[in-house]
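> The working numbering numbers the first residue of the sequence shown as 1062 and each following residue consecutively.
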Amino acid sequence: MQTLFKNIKGDRLIWAIAALLAIFSFLPVYSAASNLVNVGGGNTFSYFVKHFMHLFLGFTIMFGVHKIPYRYFRGLSMVMIPVVLVLLVVTMLQGTTIEGANASRWIQIPIVNMSFQTSTLAAVVLMVYVARYMSKIQDQNITFVESILPLWVPVFLVLILILPANFSTAAIMFVMAVMLVFLGGYPIRYLAVIIGSGIVALILFVLVAKAFPEVMPNRIDTWMSRIDNFSNGEDTEADYQIEKAKIAIASGGVQGVGPGKSIQKNFLPQSSSDFIYAIIVEEYGLIGGFFLMILYMWLLFRIVIVAQKSETIFGKLLVLGVGLPIVFQALINMAVAVELFPVTGQTLPLISSGGTSIWMTCLAIGIILSVSAKREEDKDKENKEDNPLEILSEAI
1062 MQTLFKNIKG DRLIWAIAAL LAIFSFLPVY SAASNLVNVG GGNTFSYFVK
1112 HFMHLFLGFT IMFGVHKIPY RYFRGLSMVM IPVVLVLLVV TMLQGTTIEG
1162 ANASRWIQIP IVNMSFQTST LAAVVLMVYV ARYMSKIQDQ NITFVESILP
1212 LWVPVFLVLI LILPANFSTA AIMFVMAVML VFLGGYPIRY LAVIIGSGIV
1262 ALILFVLVAK AFPEVMPNRI DTWMSRIDNF SNGEDTEADY QIEKAKIAIA
1312 SGGVQGVGPG KSIQKNFLPQ SSSDFIYAII VEEYGLIGGF FLMILYMWLL
1362 FRIVIVAQKS ETIFGKLLVL GVGLPIVFQA LINMAVAVEL FPVTGQTLPL
1412 ISSGGTSIWM TCLAIGIILS VSAKREEDKD KENKEDNPLE ILSEAI
């Protein structure tokens, strides 16, 4: 165990936050697993073991990635963008539909017989790619036209392939990409053109999808109904999920009903993933809900600290690019549960069940830790060079 801790590098507080979130997740996931048992059969312990294996593999990914010098991610992003595009095309061509809506989000991995959500991998790869490009042009005067092909064409290709099946993920990725290029110093007048182009492209997609629903199975009606239900404030059958989530939160009060004693987990769909925050508040009250929120805010603070301490532009943008979406997604998930935001289907990072979400969150955290580990390594070298005893001991 001591050998393991010695090999752990990077920001120790980020390691601690990730571990706390993972440990905390076991109780609500195990509690909400009873709903999965009612739907898919099996027993709650099997879902508990499955969640444990997902987290174990996730932390293995985190440990392995944080050992890779972060400068290598610059080149890897160039290699992975074409791979991601191919995976997204394969995913889209599977043509899975649910009640006529395009739900092609997963591909099946044949050997291990597991499903994988390609859009989550695309999100991490795209942020690394954007960070690489922005760091590359940092000291150059790039015109808008010169940035279209190397920067915005890959971004929009990825978003177009994700959009039909997963609007919320595509929207979050677009917002995060725009935020990252803004932080990287991209001219605001160019950004205005990109944002306007994105809005026009979305409107055209909606019009085409509405005009040819047979040719392009889509989730337009689902998106619009969710937005309408959120904006009109009226309770309808379509509001079933959010109403059950609100009942769960109201039942929790300040201290909660106690671990495993949730009632709404038996009625709330996706109680172990999309709406797990409502179950947490029901069982652990506002205390548990605020504790979780504080952990994510603490993670955000450490991400900013790591970015600020990085000595390269790429390191700074890389940390912000893969780190901010984690906290942003967590806040959206919480906002949906309390009806501050329309239903999106976004999971709660490191808390919700689901292998792909956990693995890609751990991948992103591993990249952040790689940047902070490089800072520690450079600091150790400086201390070693300043210490004559260290130099003498090496010479001997």
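All C-beta atoms in this analysis are idealised placements derived from N, C-alpha and C, irrespective of residue type, glycine included.
So what does DSSP say about Ser-1138, is it helix, strand or coil?
For this step, residue 1138 is matched to residue 77 along the sequence shown. Three-state DSSP puts Ser-1138 in a helix.
> Kindly give me the distance between the Cβ atoms of Ser-1418 and Thr-1405, rounded to whole angstroms, as I take these residues to be in contact under 8 Å.
Within the sequence shown, residue 1418 is the residue found at index 357, counting from 1. Within the sequence shown, residue 1405 is the residue found at index 344, counting from 1. With 8 Å as the limit, Ser-1418 and Thr-1405 do not qualify as a contact, their Cβ atoms being about 13 Å apart.
> Suppose you measure from the CA of Ala-1192 to the CA of Gly-1319; what does that come to, to the nearest Å?
Taking the sequence shown and counting its residues from 1, the one referred to as residue 1192 is at position 131. Taking the sequence shown and counting its residues from 1, the one referred to as residue 1319 is at position 258. Answer to the nearest angstrom: the Cα atoms are 44 Å apart.
> Going by other Cβ atoms of all chains shown within 10 Å of its Cβ, with 16 needed for buried, is Ser-1334 buried or exposed?
Taking the first residue of the sequence shown as 1, we reach residue 1334 at position 273. Buried is the call here.
> Spatial neighbours of Val-1423 within its chain, please: C-beta separation below 7 Å, excluding the five flanking residues on both sides.
Start at 1 with the first residue of the sequence shown, and residue 1423 comes out as number 362. Residue identity check: residue 1423 is Cys in the sequence provided, not Val. So the qualifying residues of the chain are Gly-1119, Phe-1120, Ile-1122, Met-1123.
> With DSSP as the reference, identify every bridge partner of Gln-1169, one or two as the case may be.
Against the sequence shown, residue 1169 aligns to sequence position 108. Partner(s): Ser-1176.
> Would you check if the distance between the CB atom of Pro-1386 and the CB atom of Ala-1184 is smaller than 9 Å?
As a first step, residue 1386 is located in the sequence shown; it is residue number 325 there, counting from the start. As a first step, residue 1184 is located in the sequence shown; it is residue number 123 there, counting from the start. Yes. Within cutoff.
> Quick check on the DSSP output: the alpha helix (DSSP H) that includes Val-1367 runs from which residue to which?
As a working note, residue 1367 is residue 306 in the sequence shown. Where Val-1367 is concerned, the enclosing alpha helix (DSSP H) stretches over 1337-1370.
> For Arg-1363, I'd like the list of residues in its chain whose CB is within less than 8 Å of its CB, leaving aside the five on either flank, ordered along the chain.
The residue labelled residue 1363 in the question sits at position 302 within the sequence shown. For Arg-1363, where only same-chain residues beyond five positions count, the Cβ hits under 8 Å are Asp-1072, Leu-1074, Ile-1075, Ile-1078.
> Is it true that the segment 1131-1148 meets the segment 1214-1226, where meeting means three or more beta-carbon pairs spaced less than 8 Å apart?
Touching, yes.
> Note down the Cα distance separating Leu-1081 from Val-1150, rounded to an integer number of angstroms.
Along the sequence shown, read from residue 1 onward, the residue named residue 1081 stands at position 20. Along the sequence shown, read from residue 1 onward, the residue named residue 1150 stands at position 89. For Leu-1081 and Val-1150, the distance between alpha carbons rounds to 37 Å.
> The alpha helix (DSSP H) spanning Ala-1226 covers which residue range?
Position 165 of the sequence shown, counted from the first residue, corresponds to residue 1226. Careful: Ala-1226 lies outside any alpha helix (DSSP H) and carries neither H nor E.
> To the nearest whole angstrom, what separates the beta carbons of Met-1240 and Leu-1187, a pair I think is in contact under 8 Å?
Taking the sequence shown and counting its residues from 1, the one referred to as residue 1240 is at position 179. Taking the sequence shown and counting its residues from 1, the one referred to as residue 1187 is at position 126. So it is not a contact: roughly 13 Å between Cβ atoms.
> Can you give me the C-alpha to C-alpha distance between Phe-1328 and Glu-1344, rounded to a whole angstrom?
To locate residue 1328, count along the sequence shown from 1; it is residue 267. To locate residue 1344, count along the sequence shown from 1; it is residue 283. Between Phe-1328 and Glu-1344, the C-alpha separation is close to 15 Å.
> Would the beta-carbon of Val-1342 fall within 9 Å of that of Ala-1396?
For this step, residue 1342 is matched to residue 281 along the sequence shown. For this step, residue 1396 is matched to residue 335 along the sequence shown. For Val-1342 and Ala-1396, no; Cβs fall outside 9 Å.
> Got a sec? Which residues, its chain only, sit under 7 Å from Ile-1429 by beta carbon, not counting five neighbours each side?
Within the sequence shown, numbered from 1, the residue matching residue 1429 stands at position 368. Cβ within range, chain order: Ile-1075, Ile-1364, Val-1367, Val-1380, Val-1383, Gly-1384.
> Helix, strand or coil for Gly-1321? Go by DSSP, reduced to three states.
Here residue 1321 refers to the residue found at position 260 of the sequence shown. Of the three classes helix, strand and coil, the one that applies to Gly-1321 here is coil, per DSSP.
> Spatial neighbours of Glu-1298 within its chain, please: C-beta separation below 7 Å, excluding the five flanking residues on both sides.
Residue 1298 sits at position 237 when you count from the first residue of the sequence shown. Since pLDDT at Glu-1298 reaches only 48, below the 50 mark, its modelled position is unreliable, and no value is offered.
> Helix, strand or coil, according to DSSP, for Gln-1302 in the structure here?
As a position in the sequence shown, residue 1302 is number 241, starting the count at 1. It is helical.
> Please name the residue in Ser-1332, Pro-1130, Leu-1088, Asp-1200 whose C-alpha comes closest to that of Val-1110.
One-based indexing of the sequence shown puts residue 1110 at position 49. Out of Ser-1332, Pro-1130, Leu-1088, Asp-1200, Leu-1088 has the C-alpha closest to the C-alpha of Val-1110.
> Since Ile-1348 and Ile-1412 should fall inside the 8 Å C-beta cutoff, what is the C-beta to C-beta distance between them, to a whole number of angstroms?
On the sequence shown, position 287 is the one that residue 1348 refers to. On the sequence shown, position 351 is the one that residue 1412 refers to. Contact doesn't hold; Cβ gap of about 16 Å is too wide.
> My assumption, with CB atoms under 8 Å, is that Lys-1377 sits in contact with Tyr-1131. Please give the rounded CB distance.
As a first step, residue 1377 must be located in the sequence shown, where it is residue number 316. As a first step, residue 1131 must be located in the sequence shown, where it is residue number 70. That belief does not hold up - the Cβ atoms of Lys-1377 and Tyr-1131 are roughly 11 Å apart, past 8 Å.
> Span of the alpha helix (DSSP H) holding Gly-1245?
One-based indexing of the sequence shown puts residue 1245 at position 184. Element bounds for Gly-1245: n/a, residue is neither H nor E.
> Measuring alpha carbon to alpha carbon, tell me which residue in Lys-1322, Trp-1359, Ser-1323, Val-1140 is nearest Tyr-1190.
The residue labelled residue 1190 in the question sits at position 129 within the sequence shown. Checked all of Lys-1322, Trp-1359, Ser-1323, Val-1140; the closest Cα to Tyr-1190 is Val-1140.
> With a cut-off of 8 Å on the beta carbons, I'd call Gly-1427 and His-1127 a contact; round off their distance for me.
The residue you call residue 1427 lines up with position 366 of the sequence shown. The residue you call residue 1127 lines up with position 66 of the sequence shown. The pair is a contact, with the Cβ atoms about 5 Å apart (cut-off 8 Å).
> Check Gly-1416 in the structure and name its three-state DSSP category.
Position 355 of the sequence shown holds residue 1416. DSSP places Gly-1416 in helix when its eight states are reduced to three.
> Using CA coordinates, which residue listed in Val-1267, Leu-1212, Val-1090, Gly-1245 is at the minimum distance from Ile-1374?
Within the sequence shown, the letter at position 313 stands for residue 1374. The residue with the shortest Cα to Cα distance from Ile-1374 is Gly-1245.
> Is Leu-1430 helix, strand or coil by DSSP?
Counting from one through the sequence shown, the residue named residue 1430 turns up at place 369. Helix at Leu-1430.
> Would you report the Cα separation of Gln-1302 and Phe-1134, rounded to the nearest angstrom?
Looking up residue 1302 in the sequence shown gives position 241. Looking up residue 1134 in the sequence shown gives position 73. C-alpha separation (whole angstroms): 40 Å.
> Contact defined as beta carbons within less than 8 Å: I believe Ile-1340 pairs with Ala-1309. What is the distance between those atoms, to the nearest angstrom?
Indexing the sequence shown from 1 puts residue 1340 at position 279. Indexing the sequence shown from 1 puts residue 1309 at position 248. Indeed they touch by this definition, with Cβ atoms about 6 Å apart.
> For Ile-1203, which three-state DSSP category applies?
Here residue 1203 refers to the residue found at position 142 when the sequence shown is read from its first residue. Coil.
> Alpha carbons only, please: which of Ser-1371, Ile-1142, Lys-1322, Gly-1125 is nearest the one belonging to Pro-1215?
As a first step, residue 1215 is located in the sequence shown; it is residue number 154 there, counting from the start. With distances taken between Cα atoms, Pro-1215 lies closest to Ile-1142.
> How would you call Asn-1068, buried or exposed, if buried means at least 16 neighbouring beta carbons within 10 angstroms?
On the sequence shown, residue 1068 is found 7 positions in, with the first residue counted as 1. Asn-1068 is exposed by the Cβ-count criterion.
> What span of residues does the alpha helix (DSSP H) with Val-1404 cover, start to end?
In the sequence shown, the residue the question calls residue 1404 occupies position 343. That residue, Val-1404, is in no alpha helix (DSSP H); it is neither H nor E in DSSP.
> What's the call for Phe-1228, buried or exposed, on a 16-neighbour Cβ count within 10 Å?
For the purposes of this step, residue 1228 is taken as the residue at position 167 of the sequence shown. Its Cβ being crowded by 16 or more others within 10 Å, Phe-1228 is buried.
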